[in-house]
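Chemist: My structure is below; once you've seen it, I'll send some questions.
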Amino acid sequence: KQEVTQIPAALSVPEGENLVLNCSFTDSAIYNLQWFRQDPGKGLTSLLLIQSSQREQTSGRLNASLDKSSGRSTLYIAASQPGDSATYLCAVSRASGGSYIPTFGRGTSLIVHP
Amino acid sequence: DTAVSQTPKYLVTQMGNDKSIKCEQNLGHDTMYWYKQDSKKFLKIMFSYNNKELIINETVPNRFSPKSPDKAHLNLHINSLELGDSAVYFCASSPGWGTAIMNTEAFFGQGTRLTVV
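So this is what it looks like as structure tokens:
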């Protein structure tokens, strides 16, 4: 059974710092890995999707890497801003019955203070 | 246009009642899901449907019954609501297996906060 772990569980940093959020998974037979952001009381916003054949994806100040063989992904946030404060969720998808089933980690709660 | 929309956004009801949450996606995806987010914010898969057929049922009580009238809709009906059912329920969709769509990104709705009193 796939288990997804995110470290750290919480992070509080001053504005401007470069951040690294970690995600590890136990079963490397994944189809893709997706990073989401969730603001308090809100839904999930997709940040980056990495297919299993890819090594990394970039969007603006965000960069996500994937090492499938070691079961790890890293989300790098450059020059953090207070607006980045949210919970960041990692989800890995397995193939099942014609679908891709995302399994989530418990998230990293990030606070960026001015 | 909202890609995945669910209604209602908030639902407060008494124990023992029956309620439904509706979900619709306009992305042309084959697969839809229901997730439950507990008080500790952990998201757990409940059901997955592919082309209106049930694929995944993750040991969810029989009181929960998903209904997929067509590929774009996956509704969740809950019978005899219990206090422990209080949570945020998220609907999501993604392209299915073998699709011509190369991007297999999953999209989530805004959630339905269910409170059972």
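From first to last, the protein sequence lines stand for chains A and B. FYI, the numbering for the first sequence is 1 to 114, going by the numbering used here. FYI, the numbering for the second sequence is 115 to 231, going by the numbering used here. Don't be surprised by glycine CBs; every beta carbon is placed ideally from N, CA and C.
Return the CA-CA distance between S207(B) and V112(A), expressed in angstroms with no decimal places.
Modeler: Near 31 Å, if we compare the C-alpha coordinates of V112(A) and S207(B).
Chemist: Would the stretch 21–33 of chain A and the stretch 63–80 of chain A be scored as touching if the rule is three or more Cβ pairs under 8 Å?
Modeler: Touching, per the Cβ criterion.
Chemist: Would you say the stretch 158–173 of chain B touches the stretch 121–128 of chain B, given that touching needs at least three Cβ pairs under 8 Å?
Modeler: Segments in contact, no.
Chemist: Which residues in the same chain have their Cβ closer than 6 Å to the Cβ of I7(A), if we skip the five residues on either side of it in sequence?
Modeler: Excluding positions up to five away in sequence, the list reads N22.
Chemist: Work out the CA separation of L75(A) and L188(B) for me, nearest whole Å.
Modeler: Cα-Cα distance, rounded: 32 Å.
Chemist: In chain B, which residues lie less than 7 Å from G16(A) when you measure between Cβ atoms?
Modeler: Correct list: empty, because the minimum Cβ distance to chain B is about 27 Å.
Chemist: Give, in chain order, every unbroken run of the beta strand (DSSP E) that is at least 3 residues long and sits entirely within the stretch 52–86 of chain A.
Modeler: Runs found: 56–59, 62–67 and 72–77.
Chemist: Within the stretch 150–183 of chain B, note down every full beta strand (DSSP E) run reaching 3 residues or more, in order along the chain.
Modeler: Listed in chain order, the complete beta strand (DSSP E) runs (minimum 3 residues) inside the stretch 150–183 of chain B are 157–164 and 167–171.
Chemist: Is the separation between the beta-carbon of A29(A) and that of T108(A) shorter than 8 Å?
Modeler: No, the Cβ-Cβ distance between A29(A) and T108(A) is not below 8 Å.
Chemist: Between the C-alpha atoms of Q57(A) and S85(A), what's the straight-line distance to the nearest angstrom?
Modeler: Whole-angstrom Cα-Cα distance: 21 Å.
Chemist: With 16 other CB atoms within 10 Å as the buried threshold, where does G130(B) fall?
Modeler: G130(B) should be labelled exposed.
Chemist: Relative to chain B, which residues along the stretch 40–59 of chain A have a C-beta separation below 9 Å, given in chain order?
Modeler: Residues G41, K42, G43, L44, T45, S46, L49 and Q51.
Chemist: So, does the CB of L195(B) fall closer than 8 Å to a CB anywhere in chain A?
Modeler: With 8 Å as the cut-off, L195(B) does not count as an interface residue toward chain A.
Chemist: What number of angstroms, rounded off, separates the C-alpha of I169(B) from the C-alpha of L110(A)?
Modeler: About 34 Å.
Chemist: Since I believe F178(B) is in contact with I192(B) (beta carbons under 8 Å), could you give me their beta-carbon distance rounded to a whole number of angstroms?
Modeler: Sure, about 6 Å apart at Cβ, within 8 Å.
Chemist: Note down the Cα distance separating Q81(A) from V13(A), rounded to an integer number of angstroms.
Modeler: Between Q81(A) and V13(A), the C-alpha separation is close to 10 Å.
Chemist: Looking only at its chain, what residues have a beta carbon closer than 8 Å to the beta carbon of Q54(A), apart from the 5 residues adjacent to it on each side?
Modeler: If we look at Q54(A) and ignore the five residues flanking it on each side, its Cβ neighbours are L66.
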